[in-house]
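Contents: one structure, followed by commentary.
In the UniProt record's numbering, the protein residues as written are 1 to 102.
If you want it as structure tokens, here you go:
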């Protein structure tokens, strides 16, 4: 094995190691939206799509229906700071939202 091959092999980072390091440094939090008696279903879908830009309308509809039928639904799982940001955005649309560790 040449010196160049040895260096590349020795210092190669595996994707699963990156995921483990990221999870250890940035533990995942669930953003949860709760059902309420105040907001209409279409408004909740609108708010979800605008508060969490990565959601599609179909995903937002599924989240809304889950919250409506079970009392709450997980919107997304992400690092704590991002979860707090999404929670604030959902609260600004007058939705009830909480975060908790996964």
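Virtual Cβ for every residue (Gly too), placed ideally from N, Cα, C.
DSSP links residue 77 through a beta bridge to 30. Under DSSP, residue 72 shares a beta bridge with 34. A straight-line Cα-Cα distance of about 39 angstroms links residue 91 and residue 14. Counting only residues of its own chain and dropping the five nearest sequence neighbours on each side, residue 81 has no CB closer than 7 angstroms to any other CB. The beta carbon of residue 36 is closer than 8 angstroms to those of 95 and 96 in its chain, skipping five residues each way along the sequence.
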